[in-house]
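**Q**
Chains as they are written, first to last, in my numbering: chain A, 27 to 519; chain B, 653 to 1194.
1) If I follow the unbroken beta strand (DSSP E) through residue 735 (chain B), where does it start and stop?
2) Name the DSSP beta bridge partners of residue 91 (chain A), please?
3) Indicate the three-state DSSP secondary structure (helix, strand or coil) for residue 723 (chain B) in the structure shown.
4) Do residue 923 (chain B) and residue 1027 (chain B) have their CB atoms nearer than 8 Å?
5) Okay, do the segment 795-805 of chain B and the segment 746-760 of chain B touch, 3+ Cβ pairs below 8 Å being the bar?
6) Per the DSSP calculation, residue 417 (chain A) is bridged to which residue(s)?
7) Would you list the residues sitting across from residue 916 (chain B) in a DSSP beta bridge?
8) Tell me the rounded alpha-carbon separation between residue 750 (chain B) and residue 672 (chain B).
9) Determine whether the Cβ of residue 461 (chain A) lies closer than 8 Å to any Cβ atom of chain B.
10) According to DSSP, is residue 806 (chain B) part of a helix, a strand, or is it coil?
11) Tell me, please, which residues DSSP counts as bridged to residue 321 (chain A).
12) My output table needs one value for residue 426 (chain A): the three-state DSSP class, helix, strand or coil.
13) Below 8 Å between beta carbons: does that hold for residue 812 (chain B) and residue 836 (chain B)?
14) Using C-beta distances below 6 Å, list every residue in its chain close to residue 124 (chain A), excluding the 5 sequence neighbours before and after it, in chain order.
15) Does residue 137 (chain A) come within less than 8 Å of chain B when only Cβ atoms are used?
16) Would you say residue 244 (chain A) and residue 192 (chain A) are within 8 Å of each other, going by their C-beta atoms?
17) For the alpha helix (DSSP H) that residue 187 (chain A) lies in, which residues bound it at each end?
18) Report yes or no: do the segment 1001-1018 of chain B and the segment 1037-1056 of chain B share at least 3 C-beta pairs separated by less than 8 Å?
19) Would you identify the three-state DSSP class for residue 816 (chain B), choosing helix, strand or coil?
20) Taking its Cβ as the centre, do 16 or more other Cβ atoms sit within 10 Å of residue 765 (chain B), making it buried, or is it exposed?
21) Can you give the beta carbon distance from residue 1014 (chain B) to residue 1076 (chain B), rounded, assuming they're within the 8 Å contact cut?
22) Just the C-alpha distance for residue 151 (chain A) and residue 95 (chain A), rounded to the nearest angstrom, thanks.
23) In the DSSP output, which residue or residues are listed as bridge partners for residue 790 (chain B)?
24) Return the first residue and the last residue of the alpha helix (DSSP H) that residue 911 (chain B) is part of.
25) If we cut at 8 Å on Cβ distances, does residue 324 (chain A) have a partner in chain B?
26) Check each residue of the segment 841-868 of chain B: if its Cβ is closer than 7 Å to any Cβ of chain A, include it; give the result in chain order.
27) Smallest Cα separation from residue 767 (chain B): which of A:396, A:440, A:450?
28) Tell me whether residue 871 (chain B) sits in a helix, a strand or coil according to DSSP, three-state version.
29) What number of angstroms, rounded off, separates the C-alpha of residue 181 (chain A) from the C-alpha of residue 946 (chain B)?
30) May I ask you to report which of helix, strand or coil DSSP gives residue 133 (chain A)?
31) Where does residue 39 (chain A) fall in DSSP's three states?
32) Report all residues from its chain with a CB closer than 7 Å to the CB of residue 462 (chain A); omit the five preceding and five following residues, and keep chain order.
33) If you count every other CB in all the chains shown that lies within 10 Å of the CB of residue 956 (chain B), and 16 or more means buried, which is it?
34) Spell out a yes or no on whether the segment 983-991 of chain B and the segment 902-921 of chain B are touching, meaning 3 or more CB-CB pairs, one atom from each, closer than 8 Å.
35) Does the Cβ-Cβ distance between residue 370 (chain A) and residue 112 (chain A) come in under 8 Å?
36) Flag residue 713 (chain B) as yes when its Cβ comes closer than 7 Å to any non-hydrogen atom of the ligand FMN, and as no otherwise.
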């Protein structure tokens, strides 16, 4: 039986595929100085792919294809929007960075677009196989992209570490998934959910769930599976580090939660305590390690580990307390969206600042605001937003997170207190960056001239991120639609 | 006036931040334009608040009704609204805030601390003003929280950039820190620690109100109504929520033992920063107790009252004793705040109308007096380049006007009858003699006696400071120095404060007339007690 294919629903994916093929073709015909057109095409493609998303969102229908394996509903649309917008920002960040350092450009954008495609697929996946394919399409090209700065030993190390641990985690994840298939004979989430009912306590299922959590834990770099992240972030090109910390992390996150939530709700007594532990450990260890960092990228790496912990909090708390997972899912999604915006902004600031200071050491950034007040203000906006200071967007993410843990249950109250203390610890190291930029006296000379100024595309990336950060912070209702999308997932399928 | 009704408070709150935006577009070298813009913004905000006062209906409306109310949807998904309004309790504090802000801008006119940069400093001041004004009018817990937090950023930078640069050894760190850096982050972390828990408390209220007639709500008026109906009486819940909010407010006040950020922050901050910290920021905490903790969780407040009173009295005694050990003039004034805010908290802890009236007038008086003291300390260290009291001395001979004002302010601070500082202290003690029915008389009367001892100690350290700074002969090191006595900007900023200190001292009715009805009805609503016998004579007649 031929499948009904709704081409409008697949339009974003199709546009991305056409773009990545176009990038490859263009790379063949262009001379070296003109290669930057590949970047322009990637930027245009990712922006264009947002159009059908908007149309689909206005229609508001839930479209289910391929026997329900591939679903385009509001939830998938929100995620696709998130992935595309953040990819758009990453392309803008890459544009000048990759060109000026004379790295291969065509292949870079080709690979990056491939991971974007993977994340789009993942957002619609409603069975284990599509999910796995999507997730691996996100990860595999990044092994290479992490090593893009070929001349640098650190970048090679980054790529190698990420590759070995990534492949290992993929294997474990796949093993877990195959166990689930073996137990239930199903791959679709809804069918698995039906089949696992009353199966809790089954040892094979417990092993399967734990294996999958280990696999996802690597992808989102949750403690104790986080060891690759700081080294990889530091060695990888900065836009790739940004992509790793936002898109690929978000993809892993959504995959983990969607599997637990949709396929394995019956086994929540297994995964809920595990999530609780992951959340508490990630927040605490991520933050405490971040306190000791002197390199700004490593600091952001540990901060993103801690932020992953915060994101897990709503879901873990609701699951442990046996409360309504729907609103927890909404809180996690809102956190994810806001985090994406402000963290991309922070990485963009790192790129711009590194040009001025020629360094990634926080101490070398001292006094940066004196020579470039605008960059100082941007640093302030993104890092304090990450710390959750109003009226910047981060406050609403933290607020939603705290709101969702307000359940009268000892375990969730404990998690809330851990989160509150961690929010204060986090402020300390974010403020240290601000202190260096604004309060300390300069220690070295700053670079001058055209090369030291952020390129136009980077300015645009910074502009988009800062406008979103402020707008969401002052009028959070614009981010709240995300919660409705989470409800669609709960009721619509 | 229709316009004033709907826009009066919004204008008061947001005019400064509009000023900040305009400042952003002015060239940083165009100092005059910057200053005039800042002055215009703060002055307009002040005039807006004055217009609110003029149009304010002083005829005792029951508690929990607000004037100039605006209630618009803000974050629909969580039922958080842009809900603002004033009543007799918040009005004096709002006016204090807008008023001191204008004076701070005037004072800044020719007092720029290193590294100058008037543009950045003024922008920070404007943001600070919006945060402070907003906190006093917010009637929605989320809105309150946002404004409460907004003040952190500008203050952090004021201390961190323009603060005291002397290196200081911090235990546990190998390298000495500059005082400003240490003080700034300490201030930030302490406050954020408290407010993280405060937010948890707010959220708990939001969820607990799910079964009420309002549904989940952050609205202070609705929560107050629920509180007075005995909705939040589950003991564990009330204990945890009150405790969480207590942490947030007590850090800000600050109450002993959460006060340790205060001496550092006040001492390290630039003059204007110290003034605003002392005059207004500290009041955000005590205002939070009156506006949120007491009416929403009245029963739990009564349970906590003796505990709060004990901490308040410890604060009074400890603050005074610490003052006696200081060698740095600014640090002495900073510690005196711990003592004075102790009286404010003691007044609140009595849960009576006299006590709460006392705390409000205490807040206003402390804002005026300690604000002025910090102005003076700043101007003097500007001239002497030291704040060591051992090196000062004979100030009144070198600068008669400055010395005179210092003597006057010190007298006001120690609670001399006839000046503003007297009423808060005196009435707190009176209220402590006769706290709300059911509160332990032993604790409160002991507190009263110790508080009275505290007033003596206050007089002691203030006079001691005057003696060391003002009296005697100037030390030989100043022989060749030319000292400019008070200049016109300083006078413009200080004279209104002096006038108000005298006016409130002689005629406290200006404050009481505003607050009494609101406070009495608050006590009645929350604790169900009738006006105590003495209040008529004390407050109305005073």
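Where a beta carbon is used, it is the ideal one built from N, C-alpha and C, also for glycine.
**A** Reading from the atomic positions:
1) 732-738
2) A:96
3) strand
4) yes
5) no
6) Residue 417 (chain A) pairs with nothing; no bridge assigned.
7) Residue 916 (chain B) is not bridged to any residue.
8) 15 Å
9) yes
10) helix
11) A:387
12) helix
13) yes
14) 131, 134
15) no
16) yes
17) 179-210
18) no
19) coil
20) buried
21) 3 Å
22) 6 Å
23) B:736
24) Taken as a continuous stretch (DSSP letters only), residue 911 (chain B) belongs to no alpha helix (DSSP H), as it is neither H nor E.
25) no
26) 841, 844, 845, 848, 849, 851, 852, 855, 856, 859
27) A:396
28) strand
29) 59 Å
30) helix
31) helix
32) 388, 389, 391, 392
33) buried
34) yes
35) yes
36) As presented, the structure is devoid of all ligands, the ligand FMN included, so that no description of it is given.
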